[in-house]
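Take the sequence shown: its letter number 356 is residue 356 in our numbering, and every next letter is one higher. Presented below is the structure to which this report refers.
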Amino acid sequence: MESLSPAIGSNWIRPSKTISVENELLISSVKSIKLPPVSRRKMRVAAQSSNFVVPNNIDFSDPDWKVKYEREFEARFNIPHITDVFPDAVSYPSTFCLKMRTPVTEDFAQGYPSDEEWHGYINNNDRVLLKTINYSSPTSAGAECIDPDCTWVEQWVHRAGPREKIYFKPEEVKAAIITCGGLCPGLNDVIRQIVITLEIYGVKQIVGIPFGYRGFSSDDLAEMPLSRKVVQNVHLSGGSLLGVSRGGPKVSDIVDSIQERGINMLFVIGGNGTHAGANAIHDECRRRRMQVAVVGVPKTIDNDIMLMDKTFGFDTAVEEAQRAINSAYIEAHSAYHGIGIVKLMGRSSGFIAMHASLASGQIDICLIPEVPFNLHGPHGVLQHLKYLLEAKGSAVICVAEGAGQDFLEKTNAKDASGNAVLGDIGVHIQQQIKKYFKEIGVTTDVKYIDPTYMIRACRANASDGILCTVLGQNAVHGAFAGYSGITVGICNTHYVYFPIPEVIAQPKVVDPNSRMWHRCLTSTGQPDFL
1 MESLSPAIGS
11 NWIRPSKTIS
21 VENELLISSV
31 KSIKLPPVSR
41 RKMRVAAQSS
51 NFVVPNNIDF
61 SDPDWKVKYE
71 REFEARFNIP
81 HITDVFPDAV
91 SYPSTFCLKM
101 RTPVTEDFAQ
111 GYPSDEEWHG
121 YINNNDRVLL
131 KTINYSSPTS
141 AGAECIDPDC
151 TWVEQWVHRA
161 GPREKIYFKP
171 EEVKAAIITC
181 GGLCPGLNDV
191 IRQIVITLEI
201 YGVKQIVGIP
211 FGYRGFSSDD
221 LAEMPLSRKV
231 VQNVHLSGGS
241 LLGVSRGGPK
251 VSDIVDSIQE
261 RGINMLFVIG
271 GNGTHAGANA
281 IHDECRRRRM
291 QVAVVGVPKT
301 IDNDIMLMDK
311 TFGFDTAVEE
321 AQRAINSAYI
331 EAHSAYHGIG
341 IVKLMGRSSG
351 FIAMHASLAS
361 GQIDICLIPE
371 VPFNLHGPHG
381 VLQHLKYLLE
391 AKGSAVICVA
401 EGAGQDFLEK
411 TNAKDASGNA
421 VLGDIGVHIQ
431 QQIKKYFKEI
441 GVTTDVKYID
451 PTYMIRACRA
461 NASDGILCTV
471 LGQNAVHGAF
481 AGYSGITVGI
491 CNTHYVYFPI
501 PEVIAQPKVV
511 DPNSRMWHRC
521 LTSTGQPDFL
């Protein structure tokens with residue numbers, strides 16, 4: 001994709017525990033902040049031991065710093081609206097109401113069916129609290145502090161849902177849906193619910209763009225007309241009705257195609273890269289003064305999108321991973337000195353491996369990208385495996401695909417989305433285990449299971465089905481409300497709208513100092529492998 005907007009303002013530092021350079025930047029930035037020596041030391045501790053988020057130019061000695069921070073946060077999380085570009089845009093009474101559940105017809109000559117007494121609309125000023133824990137110290141497990149004293153600062157984001165006023169006439173809407181990236185359980189559920197909700201608003205023209213962004217440029221890929229009849233049972237199958245692909249044409253070519261097709265609502269289902277593309281499309285539409293609503297629905301099986309409780313497909317992945325883990329356990333437990341290895345998804349974040357390990361109760365070692373480890377040496381994984389075989393006769397390892405990449409030869413190869421092609425850490429660990437135990441003369445039986453593509457192709461489970469349904473509904477509500485350049489997600493159990501740049505700033509990762517990771521370590525009983 002081209003011309004992608006900066007994901008985050010340049011006056012913000014967001015240290016990641018997996019990128020030590022950023023922590024060094026944060027620590028060095030202490031020198032430019034007016035603090036007494038004690039507070040300066042507390043900030044250094046916070047930067048090294050927690051997710052410490054600091055505005056670059058903040059002066060904590062200013063008695064009004066908290067008010068200024070909250071004001072700037074509100075500005076960052078303000079969601080773009082059609083009236084930003086078209087101040088005179090006309091609004092209409094919403095066609096989404098309890099009095100009317102069949103599509104709008106021509107009978108409504110002067111307007112649309114309204115339900116003034118229905119209190120089911122969301123006020124534009126409704127907000128949801130982003131953070132709910134008041135940490136008393138930057139050294140608390142999982143602490144996310146703004147200042148060295150962990151001062152409580154309210155951070156509010158926009159509540160999702162139907163608005164009383166809409167900015168598109170349903171009969172004039174042509175809505176398009178695309179699915180990008182890899183497969184993920186729940187894609188069809190989201191497509192289905194977007195179509196159903198659009199029809200309830202009264203939209204007649206709904207199309208699917210085949211094979212992601214590629215569908216905007218390929219002459220041999222025709223639009224797929226969509227209706228409730230077409231999508232009625234599509235959620236009963238895995239995969240994507242529209243197909244998926246990575247990469248695509250230039251942003252300007254995509255917007256040219258949107259303009260030629262007469263599309264004025266675009267629903268983009270995908271991960272960080274896909275959302276970066278959606279944001280670029282939104283910006284280009286604004287630059288051309290096109291009245292188009294671009295709304296994202298976050299899709300990442302890895303659960304690695306910032307600020308959200310979870311993304312769809314994650315719960316299904318954790319559930320389906322139990323089959324592979326149980327098979328590995330049975331294989332290992334039934335063999336003499338049996339060792340089972342299960343590799344799960346997680347390029348840069350280990351949420352699936354961590355949660356699957358917790359859920360199964362059968363994992364002895366969980367390895368994730370955020371936590372470095374050694375294979376060899378007195379405190380390495382292999383030495384602990386030797387102890388496990390001696391103590392209980394078998395062992396099971398769960399490893400995220402992005403873990404331990406430093407042990408593998410780098411190829412610098414990229415996929416169509418620009419992601420680095422990872423080496424197979426599961427195969428590497430299997431080979432190292434066999435080699436190690438052969439050298440010390442211990443017989444082992446090692447089995448390796450990679451269920452990745454089996455999991456990706458599953459249909460969504462009940463939990464993800466609900467999540468997908470509500471995400472799809474709220475995506476349509478957001479578009480009709482006149483918002484664009486937004487994505488919908490779940491935050492502290494409530495559904496919200498985020499400006500796209502805030503959620504694509506960097507991947508969400510497991511905090512090694514979080515309570516959840518500590519719970520996983522308690523479950524597996526594994527030591528630090530350093």
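Every residue gets a Cβ at the ideal spot worked out from N, C-alpha and C, and that includes glycine.
| Check | Outcome |
| --- | --- |
| Beta-carbon proximity of ASN188 to GLU319, cut-off 7 Å | no |
| Limits of the unbroken beta strand (DSSP E) element including THR487 | 486 to 491 |
| Opposing strand residues paired with TRP65 [DSSP bridges] | Looking at the DSSP assignment, TRP65 forms no beta bridge with any residue, so it has no partner. |
| Identified DSSP bridge partners for VAL381 | Looking at the DSSP assignment, VAL381 forms no beta bridge with any residue, so it has no partner. |
| Own chain partners of VAL510 with C-beta closer than 7 Å, once the 5 adjacent residues on each side are dropped | SER349, GLY350, PHE351, MET354, ILE368, GLU370, TRP517 |
| Alpha-carbon to alpha-carbon, MET454 and GLY338 | 24 Å |
| ASP126 versus ASN419, ASN78, GLY243, VAL190, residue with shortest Cα-Cα distance | ASN78 |
| Distance, ASN419 Cα to THR444 Cα | 36 Å |
| Counted within 10 angstroms of its Cβ, other Cβ atoms place THR522 as buried (16 or more) or exposed | exposed |
| Length of the line joining the Cα atoms of ASN272 and VAL90 | 33 Å |
| Close beta carbons around ALA457, own chain, < 7 Å, minus the five adjacent residues each side | LEU183, GLY238, GLY239 |
| Which of helix, strand or coil DSSP assigns to CYS180 | coil |
| Collapsed DSSP secondary structure at ILE365 in the structure displayed | strand |
| Limits of the alpha helix (DSSP H) - the one that ARG560 falls within | For the chain, the structure presents residues 1 to 530; residue 560 sits outside this window and is missing. |
| Where the alpha helix (DSSP H) through CYS259 begins and ends | Looking at the sequence shown, residue 259 is not Cys but Gln. That run of the alpha helix (DSSP H) goes 251 to 261. |
| Local conformation of PRO36 per DSSP, three classes | Per-residue confidence for PRO36 stands at a pLDDT of 39, beneath the threshold of 50, marking its modelled position as unreliable; the derived number appears in the next sentence. Coil at PRO36, not helix or strand. |
| VAL496 - partner residues in DSSP beta bridges | ARG159, GLY489 |
| Same chain only: Cβ atoms within 7 Å of PRO249, ignoring 5 sequence neighbours per side | TYR213, PHE216, SER217 |
| Cβ pair PHE480, TYR92 closer than 7 Å | no |
| N-terminal and C-terminal residue of the alpha helix (DSSP H) that VAL427 is part of | 425 to 439 |
| Which listed residue (LEU307, ILE263, ASP302) has its alpha carbon closest to that of MET290 | ILE263 |
| C-alpha distance - ARG159 paired with PHE211, whole-angstrom precision | 31 Å |
| CA nearest to the CA of LEU242, picked from LYS343, ASP64, GLU223 | GLU223 |
| Whole-angstrom C-beta distance between PRO162 and TYR135, which should lie under 8 Å | Not a contact, Cβ separation roughly 35 Å. |
| Proximity winner among PHE314, LEU266, ARG71, relative to PRO186 (alpha-carbon distances) | The sequence given here places Gly at residue 186; Pro does not occur at that position. Out of PHE314, LEU266, ARG71, PHE314 has the C-alpha closest to the C-alpha of GLY186. |
| Cβ contact (3+ pairs, closer than 8 Å) linking the stretch 326 to 343 and the stretch 392 to 409 | yes |
| Distance CB(ARG246)-CB(GLU199) smaller than 7 Å | no |
| Segment contact, 8 Å Cβ cut-off, at least three pairs: the stretch 404 to 411 with the stretch 320 to 331 | no |
| Beta-carbon proximity of THR487 to GLY296, cut-off 7 Å | yes |
| Enclosing beta strand (DSSP E) for LYS343 [first to last residue] | 338 to 344 |
| Beta-carbon gap between GLY142 and ARG519 smaller than 7 Å | no |
| Beta-carbon proximity of GLY472 to VAL190, cut-off 7 Å | yes |
| Cut-off 7 Å between Cβ atoms - residues of its own chain near ALA359, not counting five sequence neighbours on either side | VAL318, GLN322 |
| Cβ neighbour criterion (16 or more within 10 Å) applied to SER94 | buried |
| Helix, strand or coil at GLU370 [DSSP, three-state] | coil |
| Proximity below 7 Å, CB of VAL496 to CB of VAL157 | yes |
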